[in-house]
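As given, the protein sequences belong to chains G and L, one line each in that order.
Mapped onto our numbering, the consecutive letters of the first sequence carry residue numbers 1125 to 1142.
Mapped onto our numbering, the consecutive letters of the second sequence carry residue numbers 8 to 153.
Note that beta-carbon positions come from the ideal geometry of N, C-alpha and C, so glycine has one too.
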Amino acid sequence: MDDDDFGGFEAAEIFDGG
Amino acid sequence: ELSLASVHVPLESIKPSSALPVTAYDKNGFRILFHFAKECPPGRPDVLVVVVSMLNTAPLPIKSIVLQAAVPKSMKVKLQPPSGTELSPFSPIQPPAAITQVMLLANPLKEKARLRYRLTFALGEQLSTEVGEVDQFPPVEQWGNL
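Here's what the structure looks like:
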């Protein structure tokens, strides 16, 4: 798995600003 | 404008497409499917709307479910809050418990979409972290009319 062209892991914001 | 910070797609506004869902994870009765929406968010023809559904067909509850996603730097991904973080054990006399989570994928350069996920959860007392990659997304030219 080439790591260079992937960005960081994103997760859902627990409190969605909405 | 690549950022997805200001984009929010309510689940009820999503029209499912005719494209087949992709199985992102399927182990020990815990299955995660990516369903693709018919249309892009208003004003964002570069964004694919994905409805992630998580199903439990195991006899044990699955708790503390957290999905994380990463995409190539030329793209952006945003996960909206999931409908829940726990799945009750499967009972053959009831519909399986499911969690839904909307995920947005921005791909302005129209490259081949690839996504890497990291899934953490507790099955019974067993804490698990699973990683995987998904690349069977609909062709980028069809995004918006799936």
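Contact list for residue i against chain G, beta-carbon separation under 7 Å
i	result
V73(L)	A1135
Cβ pair residue i, residue j closer than 7 Å
i	j	result
N63(L)	A113(L)	no
K70(L)	K45(L)	no
F37(L)	V59(L)	no
F1096(G)	P79(L)	Outside the displayed range of chain G (1125 to 1142) lies residue 1096(G), so it cannot be described from this structure.
V84(L)	T127(L)	no
L18(L)	A1136(G)	no
L116(L)	V14(L)	no
S90(L)	T107(L)	yes
P16(L)	V109(L)	Contrary to the premise, residue 16(L) reads as Val rather than Pro in this sequence. The answer is yes: Cβ separation under 7 Å.
P145(L)	A26(L)	yes
L67(L)	L130(L)	yes
F166(L)	S24(L)	Since the displayed chain L opens at 8 and closes at 153, residue 166(L) lies outside it and no answer follows.
N35(L)	A65(L)	yes
Closer than 9 Å at the beta carbon, the chain G residues around residue i
i	result
Q108(L)	A1136
Quick one: any contact between the stretch 144-151 of chain L and the stretch 45-61 of chain L, if contact means 3 or more CB pairs under 8 Å? yes
| message | What are the residues in the stretch 69-94 of chain L lying within 7 Å of chain G by C-beta distance? | response | V73, Q75, A76, A77, V78, P79, K80, V84, K85, L86, Q87, P88, P89
Can you find at least 3 beta carbon pairs, one from the stretch 109-126 of chain L and one from the stretch 135-146 of chain L, that sit closer than 8 Å?
yes
Exercise for review: Could you name each continuous beta strand (DSSP E) segment of 3 residues or more that falls completely within the stretch 124-151 of chain L, going from the start of the chain to the end?
Suggested key: 133-141
I'd like the ranges of any beta strand (DSSP E) spanning at least 3 consecutive residues and lying wholly in the stretch 37-84 of chain L. 37-43, 54-63, 69-77
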